[in-house]
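Our numbering puts the first residue of the sequence shown at 14, with every later residue one more than the last.
No residue lacks a Cβ here, since even glycine has one placed at the ideal position from N, Cα and C.
Since the structure is predicted, the reported quantities are computational estimates derived from the model, not experimental observations.
Here is the structure we will look at.
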Amino acid sequence: MIKTPKAIIVIFGATGDLAKRKLFPSIYRLYQSGKISEDFAVVGVARRPWSNEIFRENVKRSIHHFPDDNGGQDIFASHFYYHPFDVTNISSYHELKSLLSTLDDRYNTAGNRIFYLAMAPDFFGTIATNLKSERLTTTEGWIRLIIEKPFGHDYDSAQELNNQLRMAFTEEQIYRIDHYLGKEMVQNIKVIRFANAIFEPLWNSQYIANVQITSSEILGVEDRGRYYESSGTLRDMVQNHMLQMVALLAMDPPIKLTAEEIRSEKIKIFRALKPLSNNEVEQYFVRGQYGPGIINENKVVGYKEENDVDPASNTETFVAGKLMIENFRWTGVPFYIRTGKRMQEKSTEIVIQFKDLPMNLYLGQERKTHPNLLVIHIQPDEGITLHLNAQKTNSSVTSTPIRLSYCNNCADKMNTPEAYEILLYDCMRGDSTNFAHWEEVALSWKFVDVISNVWSNNKATEFPNYESGSMGPKESDVLLEKDDFHWWPTITTRFKGESDNENI
Ligand code: BG6
14 MIKTPKAIIV IFGATGDLAK RKLFPSIYRL YQSGKISEDF AVVGVARRPW SNEIFRENVK
74 RSIHHFPDDN GGQDIFASHF YYHPFDVTNI SSYHELKSLL STLDDRYNTA GNRIFYLAMA
134 PDFFGTIATN LKSERLTTTE GWIRLIIEKP FGHDYDSAQE LNNQLRMAFT EEQIYRIDHY
194 LGKEMVQNIK VIRFANAIFE PLWNSQYIAN VQITSSEILG VEDRGRYYES SGTLRDMVQN
254 HMLQMVALLA MDPPIKLTAE EIRSEKIKIF RALKPLSNNE VEQYFVRGQY GPGIINENKV
314 VGYKEENDVD PASNTETFVA GKLMIENFRW TGVPFYIRTG KRMQEKSTEI VIQFKDLPMN
374 LYLGQERKTH PNLLVIHIQP DEGITLHLNA QKTNSSVTST PIRLSYCNNC ADKMNTPEAY
434 EILLYDCMRG DSTNFAHWEE VALSWKFVDV ISNVWSNNKA TEFPNYESGS MGPKESDVLL
494 EKDDFHWWPT ITTRFKGESD NENI
């Protein structure tokens with residue numbers, strides 16, 4: 014285990030939901046496992062006039078569900094400091110600067126600082142500029158900036174934001190969070206692909222028929238109606254998480270496992286994405302919006318009835334799309350993506366469907382093929398399943414599908430670190446592999462902008478077009494049927510109640 018260097022983490026938006034739900038628990042887990050030494054401090058800044066004591070109580074509340082050994086949580090919380098802050102007022106920065114130098118001395122943190130922007134994006138540029146102009150970024154140690162999504166609203170706004178950040182920070186100092194890149198099984202995509210001799214030779218258009226990525230959620234927009242109205246699923250999930258998974262699945266092997274080499278391979282995939290013309294958008298992409306329905310036996314309202322949502326909203330809560338990657342390896346292989354809210358289950362899964370054999374001697378009278386599938390389960394199950402065919406008992410002329418499964422989190426669910434824990438640890442060690450580089454962000458916005466422009470100009474008259482608790486609108490199925498494929502049901506739906514070794 015590598016210990017992180019000593020550092021101060023400054024969290025902007027420390028009274029918010031992300032800090033409470035994700036950041037404090039992640040820092041605690043790193044501390045508990047010994048990855049963070051005693052020499053660290055966290056400074057929370059936000060508008061509210063809190064004291065250190067109130068802040069620490071809040072921190073303790075967010076970690077109370079973890080076991081507390083001998084008052085360890087009190088000691089942990091004593092590393093947290095709070096500073097009321099007005100991001101537009103220069104004197105706030107001066108006060109913060111002097112607090113940080115006091116803490117540098119107290120915790121021997123040698124000027125190493127992480128500035129974590131965990132708040133609404135409106136002030137990202139202002140904060141970055143002021144941190145630089147007031148010399149909070151001028152220290153003897155290293156400086157890093159972690160920035161939450163959304164990184165812009167489209168290419169132009171993302172570029173403007175990036176320009177502002179780059180006035181104060183170098184690209185190497187900026188860590189753009191995409192929390193899917195912190196998920197254990199998303200990181201595992203590279204290992205499965207590049208550490209197994211049996212997959213890489215087949216990983217191309219000669220042997221793969223299509224790739225399917227589904228990330229479905231049961232939750233609706235909850236209290237995020239206002240944000241969602243300006244975002245929609247395309248910006249919220251596709252521009253970042255879904256395209257990042259596509260890049261990891263499609264990229265060439267990097268020459269080394271460094272952040273630079275891996276990102277450069279991913280960027281080539283973003284460059285190779287077939288750009289869509291306005292006329293092609295409806296052919297390659299499907300949008301949906303949930304109506305009322307039943308989830309877990311409870312009635313739920315449709316999107317248009319949610320709080321802070323326009324009753325005539327045109328915002329999509331579901332997207333399915335077909336991406337084509339125009340390079341030597343992938344030309345002709347569709348990468349289908351599908352994601353949405355208020356769907357049947359919470360699940361993220363990747364299915365690699367291999368092509369059928371040119372001649373299969375074991376089809377039997379039904380003449381039914383069962384293609385080989387490699388399924389990567391991202392969440393809630395973490396693991397892989399390989400679907401093969403084997404001899405049917407008492408029959409030598411037909412085969413039956415069987416599956417080989419590996420479950421990463423079955424033995425002890427607690428062992429899987431949270432995405433944020435992994436990403437914070439990476440950032441503290443200066444490893445930016447699992448963060449989005451500006452060029453990835455820029456290219457994915459350019460791809461998505463064409464779709465969002467067409468969608469905002471052509472209102473979706475048929476909304477709502479899927480029932481809450483379903484797998485999205487029928488057009489999403491038609492998208493694959495046009496290519497003679499279909500969505501493979503996720504493992505939970507497909508094998509409900511079956512044990513892992515049962516045949517399908
Ligand atoms: C976030 C989106 O980035 O990802 C949310 O803003 C979405 O709308 C969430 O619910 C899904 O993340 P996860 O880890 O629950 O799949």
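Taking 3 residues as the shortest admissible run, the region 55-118 contains the following complete beta strand (DSSP E) segments, listed from N- to C-terminal end: 93-97. Three or more Cβ pairs drawn from the region 353-362 and the region 217-230 lie within less than 8 Å of each other, which places the two stretches in contact. Ranked by Cα distance from Arg126, the options Gly154, Ser105 and Asp99 are led by Gly154. When rounded, the separation of the alpha-carbon atoms in Leu247 and Phe331 is 8 Å. Under the three-state reduction of DSSP output, Phe283 falls in the helix class. Under the DSSP definition of a beta bridge, Leu374 lacks any partner.
Comparing alpha-carbon positions, the option among Ala90, Leu492 and Glu51 lying closest to Thr122 turns out to be Glu51. If you draw a straight line from the Cα of Ile275 to the Cα of Gln45, it is about 31 Å long.
Distance from the C-beta of Gln392 to the nearest heavy atom of ligand 1 is below 8 Å.
For Val294, the enclosing alpha helix (DSSP H) starts and ends at Val294 to Tyr297. Leaving aside the five residues that flank Ala325 on each side, the residues in its chain whose CB is nearer than 8 Å to its CB run, in chain order, Lys317.
DSSP lists no bridge partner for Lys16. About 4 Å separates the CB atoms of Met198 and Ile391; that is less than 8 Å, so the two are in contact.
It is roughly 39 Å from the alpha-carbon of Met337 to the alpha-carbon of Phe25. Note that the C-beta distance between Phe136 and Ile160 is not below 9 Å. A straight-line Cα-Cα distance of about 12 Å links Arg442 and Met14. By the CB criterion at 9 Å, Leu174 and Leu149 fall outside the cutoff. If the five residues before and after Asp265 are omitted, its C-beta is found closer than 8 Å to the C-beta atoms of Glu278, Lys281 and Arg342, all from its own chain and listed in chain order. Under DSSP, Pro267 forms no beta bridge with any residue. The beta strand (DSSP E) runs lying completely inside the region 117-190 and spanning 3 residues or more are 126-130, 156-160 and 187-189, given in chain order. Across the set Phe348, Pro477 and Val467, the C-alpha of Phe348 shows the shortest separation from the C-alpha of Asp496.
For the 9 Å CB-CB criterion, Gln366 and Leu386 form a contact.
Look at Met484 here: in three-state DSSP terms it is coil, with no helix or strand label.
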